[in-house]
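In numbering that gives the first Met the number 0, the protein residues as written are 0 to 411. From the three backbone atoms N, C-alpha and C, an ideal C-beta is built for every residue, glycine too. Worksheet: the structure to be examined is printed underneath.
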Amino acid sequence: MSRSDDPSNAARQHGAMEHTVPPCDLDAVRHYRLGRVREALAARDLAGIILYDPVNIRYAVDSSNMEIWCSRNEARYLYVPTEGPTRLFEFGGGSDLLTTGLPTVDEVRPTISFLYFIAGQRHEDRAREWAADMDSVIREQSGGNRRIALDRVMPLGVFELQRLGYEIVDGFEVMENARVIKSPDEITLMRHSIKVCEQAIGQMRDALQPGITENALWAELHRGNIAGGGEWIECRLLASGPRTNPWFRECSMRVIERGDIVAFDTDLVGPYGYCSDISRTWVCDARPTDEQRRLYAEAYAHIQENKALLKPGVTFDELTRRMRPLGDEFAEQRYVAAMHGVGLCDEYPVIRYPEDWEPGDDGVLQEGMVFCVEALTSPVGGRESIKLEEQVLITADGHEQLSSYPLEEDWL
């Protein structure tokens with residue numbers, strides 16, 4: 000039998016095609032997202048926006064380059080005018096190697112970096128040079144508008160733009176509000192990312208046995224994500240046994256023992272840059288104890304009851320007031336949010352528990368928003384915690400759960 004006739008080889012080829020052929024028209028997604036940015040700029044009477052944050056650049060034009068490295072080194076940036084051509088200032092001499100075929104990038108130029116790592120003692124001179132260059136670019140389409148949004152740059156850059164007469168507006172407010180409504184094609188890409196994530200979760204479940212370390216188990220999620228076309232993972236939130244209480248310890252070399260609770264939060268950036276933010280809790284090679292079942296049942300109830308509140312037209316305030324109350328034993332170590340938006344990463348808005356709610360955010364749920372519904376039952380002084388989380392789309396008549404990896408309903 001030839002290699003081409005081997006059924007296992009055909010299955011591998013099918014799997015590769017599944018991960019390499021886009022599930023929708025990527026150019027339609029790109030144009031939609033850039034259009035959302037420009038609508039947000041026009042609504043705020045801004046000439047344009049300068050973006051350094053890698054996720055914001057990815058959203059606006061779908062260009063990605065060393066996202067983790069660039070998240071701490073301001074080495075590439077993008078200018079999006081309200082009207083007119085976009086200009087990407089690319090690290091590495093202005094090569095268009097990573098933008099070929101992107102309809103949303105009109106021009107690629109070399110950067111003028113005043114990052115101290117690169118510019119050294121000339122960083123102040125480079126900042127003035129950068130500001131003068133941006134001034135020249137902005138003037139081409141601004142019509143005299145001196146209002147510019149900026150998401151992230153070193154203080155020297157802000158000082159130099161202000162010295163040239165610019166009014167600087169918070170770019171994150173612009174971008175978070177632009178990103179909040181997903182198109183149907185974006186949801187298609189998110190579904191694909193969740194599928195890859197949940198396949199990797201299954202690989203973790205298969206690997207979970209007494210004697211494996213937390214780090215080795217967490218590596219299965221990374222392996223599955225990368226093999227499935229995913230990109231990176233924001234956190235290391237996996238803990239076992241007594242390390243689950245209190246929550247927020249990152250994974251370690253602790254050896255997982257039989258009967259341990261194992262809880263994790265994926266925070267996974269999968270294929271096409273879309274986030275899959277899902278939490279599950281298991282028990283290692285044993286049936287759960289009565290206490291583990293009790294904590295799990297409470298977390299499960301939070302997920303189900305709070306998810307049921309999601310539908311268009313509900314205000315953030317109403318959502319907060321109507322959610323399932325935390326019991327006294329769980330209130331002190333409550334999670335940082337009851338719900339939050341999600342897209343390319345965690346996004347606006349954050350819906351807090353009533354204990355943390357601050358009046359003034361008058362937002363309202365809209366069709367096309369995607370939320371992560373969180374639950375953490377972590378009793379003060381307890382041995383373990385339970386962490387659950389589902390990813391949910393707001394639809395025209397209610398909501399649809401996007402995540403589907405099974406919960407431990409036989410524990411209930």
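Counting C-beta neighbours from all protein chains within 10 Å, is the total for Ala238 16 or more, i.e. buried, or is it exposed? Ala238 is buried by the Cβ-count criterion.
Taking the beta carbon of Met174 as the centre, do at least 16 other beta carbons fall within 10 Å, making it buried, or is it exposed? Met174 counts as buried, since at least 16 other C-beta atoms from the protein chains shown sit within 10 angstroms of its C-beta.
Which listed residue (Glu328, Thr19 and Leu87) has its alpha carbon closest to that of Ile49: Nearest of Glu328, Thr19 and Leu87 to Ile49, Cα basis: Leu87.
Ordered along the chain, which non-local residues of its own chain (more than five positions away) have a Cβ less than 7 Å from that of Pro154? Cβ within range, chain order: n/a, list empty.
Leaving out five residues on either side along the sequence, give the residues of the same chain with a beta carbon under 6 Å from the beta carbon of Val268. Result list for Val268: Glu230, Trp231 and Cys274, in chain order.
Residue closest to Gly258, alpha-carbon to alpha-carbon, out of Trp246, Pro270, Asp266 and Ala285: Measuring from the Cα of Gly258, the nearest candidate turns out to be Ala285.
Which of the three DSSP states, helix, strand or coil, is assigned to Leu77? Judged by DSSP in its simplified three-state form, Leu77 adopts strand.
Close beta carbons around Val152, own chain, < 8 Å, minus the five adjacent residues each side: Once the five neighbours on either side are set aside, the close Cβ partners of Val152 are Ile49, Tyr51, Glu73 and Tyr76.
Can you check which of these residues, Tyr31, Pro348 and Val372, is closest to Glu304 by C-alpha distance? Looking at the Cα atoms, Val372 is the closest of the given residues.
Quick one: residues in its chain with C-beta nearer than 6 Å to the C-beta of Leu401, no 5 flanking neighbours on either side, listed in chain order? Closer than 6 Å at Cβ, skipping near neighbours: Ile193, Gln390 and Leu392.
Determine the direct distance from the alpha carbon of Phe315 to that of Gly413, and round the result to whole angstroms. What the structure shows of the chain is the stretch from 0 to 411, and residue 413 is not part of that stretch, so it cannot be assessed.
Expressed to the nearest angstrom, what Euclidean distance is found between the alpha-carbon atoms of Glu408 and Arg279? If I take the Cα positions, the gap works out to 12 Å.
By how many angstroms is the C-alpha of Gly100 removed from the C-alpha of His221? Rounded to the nearest angstrom, the two C-alpha atoms are 28 Å apart.
Quick one, which of Gly312, Gly381 and Cys23 has its alpha-carbon nearest Gln332's? Minimum Cα distance to Gln332 is reached at Gly381.
Buried or exposed: which applies to Thr19, given that a residue is buried once 16 or more other Cβ atoms fall within 10 Å of its Cβ? Counting Cβ neighbours within 10 Å, Thr19 comes out exposed, since fewer than 16 surround it.
Please report the distance separating the alpha-carbon of Tyr58 from that of Gly47. Roughly 15 Å separates the two Cα atoms.
Does the ligand ATP have even one heavy atom less than 7 Å from the beta-carbon of Leu101? The model depicted lacks the ligand ATP and carries no ligand whatsoever.
Following the continuous alpha helix (DSSP H) through Gly170, name the residue where it begins and the one where it ends. Gly170 to Arg178 is the span of the alpha helix (DSSP H), which, as asked, contains Gly170.
For the pair the stretch 202 to 213 and the stretch 293 to 300, tell me if three or more CB-CB distances fall below 8 Å. In this structure the stretch 202 to 213 does not lie against the stretch 293 to 300, because fewer than three pairs of beta carbons, one per stretch, are closer than 8 Å.
Apart from the five residues on each side of it in sequence, which residues of its chain come closer than 7 Å, Cβ to Cβ, to Met322? Beyond the five residues adjoining it in sequence on each side, Met322 comes within less than 7 Å, by CB distance, of Asn305, Leu308 and Ala337 in the same chain, given in chain order.
Is the beta carbon of Pro102 less than 8 Å from the beta carbon of Asp26? Yes, the Cβ-Cβ distance between Pro102 and Asp26 is below 8 Å.
Roughly how many angstroms lie between the CA atoms of Asn144 and Asp134, to the nearest whole one? In a straight line, the C-alpha of Asn144 is about 11 Å away from that of Asp134.
Among Ile277, Arg162, Ser94 and Arg190, which one has its Cα closest to the Cα of Val104? Ranked by Cα distance from Val104, the options Ile277, Arg162, Ser94 and Arg190 are led by Ser94.
How is Tyr165 classed by DSSP in three states: helix, strand or coil? Looking at Tyr165 - three-state DSSP - the assignment turns out to be coil, as it is neither helix nor strand.
Tell me the DSSP secondary structure of Ser275 in three-state form. It is a strand residue.
Whose CA, out of Pro22, Pro21 and Glu82, lies closest to the CA of Gly34? Nearest option by C-alpha distance: Glu82.
CB-CB under 7 Å to Val28, same chain, minus the five flanking residues each way: which ones, in chain order? These residues qualify, in order along the chain: Ser182, Asp184, Glu185 and Leu188.
Pick helix, strand or coil for Arg29, following the three-state DSSP scheme. Arg29: helix per DSSP, three-state reduction.
Beta strand (DSSP E) segment containing Arg253, residue limits: For Arg253, there is no enclosing beta strand (DSSP E), as DSSP marks it with neither H nor E.
Nearest by alpha-carbon distance to His191: which of Asn244, Gly272 and Trp246 is it? Among Asn244, Gly272 and Trp246, the Cα nearest to that of His191 belongs to Gly272.
Bounding residues of the alpha helix (DSSP H) (the contiguous stretch that carries Thr319): Secondary structure note for Thr319: its alpha helix (DSSP H) is the uninterrupted segment Phe315 to Arg321.
Would a C-beta distance cut-off of 8 Å place Glu256 and Cys283 closer than the cut-off? Contact flag set, yes.
Could you tell me the distance, in whole angstroms, from the CA atom of Met0 to the CA atom of Cys196? Because the pLDDT of Met0 is 42, which lies under 50, any placement of that residue in the model is unreliable, and the question is left without a value.
Output the boundary residues of the beta strand (DSSP E) element that contains Asp388. A small fix is needed here, since residue 388 is Glu in this sequence, not Asp. Unbroken beta strand (DSSP E) run through Glu388: Ile385 to Thr394.
If you draw a straight line from the C-alpha of Asn64 to the C-alpha of Gln291, how long is it? Each residue's alpha carbon lies about 43 Å from the other.
Count the other CB atoms within 10 Å of the CB of Pro348; is the residue buried (16 or more) or exposed (fewer)? So Pro348 ends up on the buried side.
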